[in-house]
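Line by line, the protein sequences give chains R and A. Using this note's numbering, you'd call the opening residue of the first sequence number 1103 and step up by one each time. Using this note's numbering, you'd call the opening residue of the second sequence number 18 and step up by one each time.
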Amino acid sequence: MTSTATRPRGARARAAIAAKTLRTDRWWFAPLITVIGLSAWVAYATVRVFMHNNYWVPEHHYLTPFYSPCVTERCVEGAAHFGRFLPGWWIIPDAALTLPFLLLFRLTCYYYRKAYYRSFWLSPPACAVPDGHKEYGGETRFPLLGQNLHRYFFYAAAIISLINTWDAILAFHSPKGFGFGLGNIVLLVNVVMLWAYTISCHSCRHIIGGRLKHFSKHPVRYRAWTFVSALNVRHMQLAWVTLGTLALTDFYVMALAAGWFNDLRFIN
Amino acid sequence: MSAKRQFRIWRGDETGGDLQDYMVEVNEGEVVLDVIHRLQATDAPDLACRWNCKAGKCGSCSMEINGKPRLSCMTRMSTFGDDETVTVTPLRTFPVIRDLVTDVSFNYEKARETPAFAPPPDVAPGDYRMQQVDVERSQEFRKCIECFLCQNVCHVIRDHEENKQAFSGPRYFIRAAELDMHPLDTRTDRKEYAQAEQGLGFCNITKCCTEVCPEHIKITDNGIIPMKERVVDRRYDPLVWLGSKIFRRGETPQTSVTTARQGSATPSSATRSGIHSHAGAPTTRGPRRRRRAASTGIGRCPTRPRRRSTTGAGFR
Chain R
1103 MTSTATRPRG ARARAAIAAK TLRTDRWWFA PLITVIGLSA WVAYATVRVF
1153 MHNNYWVPEH HYLTPFYSPC VTERCVEGAA HFGRFLPGWW IIPDAALTLP
1203 FLLLFRLTCY YYRKAYYRSF WLSPPACAVP DGHKEYGGET RFPLLGQNLH
1253 RYFFYAAAII SLINTWDAIL AFHSPKGFGF GLGNIVLLVN VVMLWAYTIS
1303 CHSCRHIIGG RLKHFSKHPV RYRAWTFVSA LNVRHMQLAW VTLGTLALTD
1353 FYVMALAAGW FNDLRFIN
Chain A
18 MSAKRQFRIW RGDETGGDLQ DYMVEVNEGE VVLDVIHRLQ ATDAPDLACR
68 WNCKAGKCGS CSMEINGKPR LSCMTRMSTF GDDETVTVTP LRTFPVIRDL
118 VTDVSFNYEK ARETPAFAPP PDVAPGDYRM QQVDVERSQE FRKCIECFLC
168 QNVCHVIRDH EENKQAFSGP RYFIRAAELD MHPLDTRTDR KEYAQAEQGL
218 GFCNITKCCT EVCPEHIKIT DNGIIPMKER VVDRRYDPLV WLGSKIFRRG
268 ETPQTSVTTA RQGSATPSSA TRSGIHSHAG APTTRGPRRR RRAASTGIGR
318 CPTRPRRRST TGAGFR
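Spelled out as structure tokens, the structure:
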């Protein structure tokens, strides 16, 4: 074989380019927005969870998702659909059974991992922008090895979505009987979005059919996988939308419970 | 309509170099590679770059344009502002040979280490039969043109040279996924291999590989994350482990995993056993073509031969 090309000769140095990045676009904008968005949400949620107030609207049976299921001794009786069996210390959230799992579900979510690795951990802050750390081991050792437990938090999140669905159904039955108002729509939209986010999870996609080698032998699971895959494409959008619907739903219930305004009622 | 535009191009070799300024004529409808060719025809006849098809299908003209890993033949000049300076540099992750040409041998070494396609031994080539629905997922990864932009942008090796030994990179994760999902592949240890030998655990899902892929392969969502979930099945999920013990499913031979990276010349177990191979078997034409591909590129835009050999899995 005749070749006029120069052949590589063992180890060579990389191009000596002084600039850390030559990107000219606003690569810093997305991580900045992520930091602001996530920090604002976490701050709001923390305040609300430890407020222990204005989470239940007795006239319409609206319960905010931040307090569902309400299981501490300090819970209002009507809001405690599953009993009150935890002590009512202020440090214990009224939804202490579910909040840790929801937090871990989002913390280990494949989309949120991308979001906070880039924006908070700067590893890397953006594509072709240098990593903010000298050494990098990825998810190969503790504690980041724990990201592999995502599917268990998915199972927990699915159960919690069932509880939220039950809350939304109960909200149609107020002390005056069947009723329907703007609050019901807010709760329903929140639940639908929560289900969409939960089902679009990558672990769900794997469990429902992604792990199969032969789709042709499992046509039902293949169709389910196809449906989840279509949702999975929107997983990032759903992750942000659900943060918004959760905060909005909680705020709406808080405003009604505090008497800032009245619910817009369509029936009863 | 033509206009003069400002270009900054990195010139140099392994001993050093810097960005040099050029004013060059740009015509309507041109791409960055056209402008580089014009530079070679006018101001910089010794400018080295690598190119071949000019159609975004050979993966040869990978470089960094305004800091972003791109194919120069697919980067239209109309995407830049009229007075914007266009900065062109070689891929940062790989050793530079000269100017815009880098030595991408790292990728061919990782390709050789990856266990080859292993069809059932009792089915002869030509007798492979599979349903489209079973093979669709693998086919997405077959679109890969091996431009190595994903390898270049991955911060695991781009910013941490020391990880190159333990990390194969996104291109070879989708190769592992392609074969693990392939209906005719009989190896059951690809998940273990991906985790233990390819360094799948290093990936932290920041999706840069997907962002730069010129073939729009969903590398992270459809390749890396499914492989991570399959690894979880085997390594971290006690329920699946218990189920496999009770129902005797998923029994996995482990022997070949630990030996697969003992030198790039070590054939995979599939090769040793006489099973069809395109990646590492000394009798195939793959390695020779890959070596030639890795070595070309100096001078006036020499071409890089097309080589599909590193990804041969028995179907296209």
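The beta-carbon is built from N, C-alpha and C at its ideal position, and this holds for glycine as well.
Return yes when the Cβ of lysine 21 of chain A is within less than 8 Å of the Cβ of glutamate 42 of chain A, no when it is not. yes
Counting along the chain, where does the alpha helix (DSSP H) carrying tryptophan 27 of chain A start and finish? Following the DSSP letters along the chain, one finds tryptophan 27 of chain A in no alpha helix (DSSP H) but inside the beta strand (DSSP E) bounded by residues 19-30.
Using the beta-carbon of each residue, which ones in chain A are nearer than 7 Å to histidine 1320 of chain R? Under the 7 Å cutoff, chain A gives no residues; its nearest Cβ is about 10 Å from histidine 1320 of chain R.
Three-state class that DSSP yields for threonine 59 of chain A in the structure shown: coil
Between which two residues does the beta strand (DSSP E) holding threonine 106 of chain A run? 103-106
Residue-level contact to chain A via CB, alanine 1117 of chain R, 8 Å cutoff: Judged by the 8 Å Cβ criterion, alanine 1117 of chain R is in contact with chain A.
Boundaries (first-last residue) of the beta strand (DSSP E) holding glutamate 130 of chain A: Note, glutamate 130 of chain A: premise wrong, no beta strand (DSSP E); alpha helix (DSSP H) at 122-130.
Chain-ordered chain A contacts of threonine 1242 of chain R [CB-CB under 8 Å]: Gly216, Gly218, Phe219
Residues, ordered as in the chain, of the segment 141-174 of chain A that lie near chain R by beta-carbon distance below 7 Å: Under the 7 Å Cβ criterion, the segment 141-174 of chain A contributes Gln148, Val150, Asp151, Val170, His172, Val173.
Write down every uninterrupted run of the alpha helix (DSSP H) in the segment 203-262 of chain A whose length is 4 residues or greater and which is fully enclosed by it, in chain order. 207-213, 225-229, 242-252
For the segment 1165-1177 of chain R and the segment 1342-1352 of chain R, state whether three or more C-beta atom pairs, one from each stretch, are separated by less than 8 Å. yes
Inter-residue spacing [alpha-carbon to alpha-carbon] between leucine 1366 of chain R and valine 105 of chain A: Here the alpha carbon of leucine 1366 of chain R sits roughly 60 Å from the alpha carbon of valine 105 of chain A.
Buried or exposed by the 16-neighbour rule on C-beta atoms within 10 Å, applied to arginine 1336 of chain R: exposed
DSSP three-state assignment for proline 86 of chain A, whether helix, strand or coil: Three-state DSSP puts proline 86 of chain A in a strand.
Using a cut-off of 8 Å between C-beta atoms, extract the partners of glutamate 81 of chain A located in chain R. Leu1124, Ala1230
If you count every other CB in all the chains shown that lies within 10 Å of the CB of proline 137 of chain A, and 16 or more means buried, which is it? exposed
Asparagine 44 of chain A - DSSP class collapsed to helix/strand/coil: strand
Would you kindly check if the distance between the Cβ of alanine 1121 of chain R and the Cβ of tryptophan 1158 of chain R is under 8 Å? no
Could you pull out every residue in the same chain whose Cβ sits closer than 7 Å to the Cβ of alanine 1360 of chain R, ignoring the five residues on either side in sequence? Asn1156
Count the other CB atoms, across all protein chains shown, that sit within 10 Å of the CB of isoleucine 1193 of chain R; report buried if there are 16 or more and exposed otherwise. With fewer than 16 other Cβ atoms from the protein chains shown falling within 10 Å of its own Cβ, isoleucine 1193 of chain R counts as exposed.
Is the Cβ of lysine 224 of chain A closer than 8 Å to any Cβ of chain R? yes
Does isoleucine 1369 of chain R pass the burial test, meaning 16 or more other C-beta atoms within 10 Å, or should it be called exposed? Isoleucine 1369 of chain R comes out exposed.
Going along chain A in order, which residues have a C-beta closer than 9 Å to the C-beta of aspartate 1233 of chain R? His172, Val173, Arg175, Asp176, His177
By how many angstroms is the C-alpha of isoleucine 114 of chain A removed from the C-alpha of arginine 1114 of chain R? 8 Å
If contact means a Cβ-Cβ distance below 7 Å, which residues of the segment 1298-1326 of chain R contact chain A? His1304, Ser1305, His1308, Gly1312, Arg1313, Lys1315, His1316, Phe1317, Ser1318, Tyr1324
So, is the C-beta of tyrosine 1219 of chain R closer than 8 Å to a C-beta in chain A? It does: the Cβ of tyrosine 1219 of chain R has a partner Cβ on chain A nearer than 8 Å.
What does DSSP give as the partner residues of tryptophan 1158 of chain R in its beta bridges? R/Leu1165
Let me know if tryptophan 1297 of chain R comes out buried or exposed under the rule of 16 or more other beta-carbons within 10 Å of its beta-carbon. Burial state of tryptophan 1297 of chain R is buried, judged by a 10 Å Cβ sphere holding 16 or more other Cβ atoms.
Determine the direct distance from the alpha carbon of leucine 64 of chain A to that of arginine 336 of chain A, and round the result to whole angstroms. Only positions 18 to 333 of chain A appear in this structure, which leaves residue 336 of chain A out of reach.
Determine, using beta-carbon pairs with one atom in the segment 1235-1251 of chain R and one in the segment 210-223 of chain A, whether at least three such pairs fall under 8 Å. yes
List the residues of chain R whose Cβ lies closer than 8 Å to the Cβ of methionine 198 of chain A, in chain order. Around methionine 198 of chain A, the beta-carbon contacts reaching into chain R at under 8 Å are Lys1315.
Does the distance from the CB of glycine 76 of chain A to the CB of methionine 91 of chain A come in under 8 Å? no
Any heavy atom of the ligand GTP closer than 7 Å to the beta-carbon of threonine 110 of chain A? Annotation note on the ligand GTP: not contained in the displayed structure, which lists no ligands.
Establish whether the CB of arginine 129 of chain A and some CB of chain R are separated by less than 8 Å. So no, arginine 129 of chain A is outside the interface.
I want to verify the contact list: residues of chain R whose CB lies under 8 Å from the CB of aspartate 100 of chain A, in sequence order. Per Cβ cutoff of 8 Å: no residues; aspartate 100 of chain A is ~12 Å from chain R at best.
Expressed to the nearest angstrom, what Euclidean distance is found between the alpha-carbon atoms of arginine 109 of chain A and arginine 1215 of chain R? Each residue's alpha carbon lies about 25 Å from the other.
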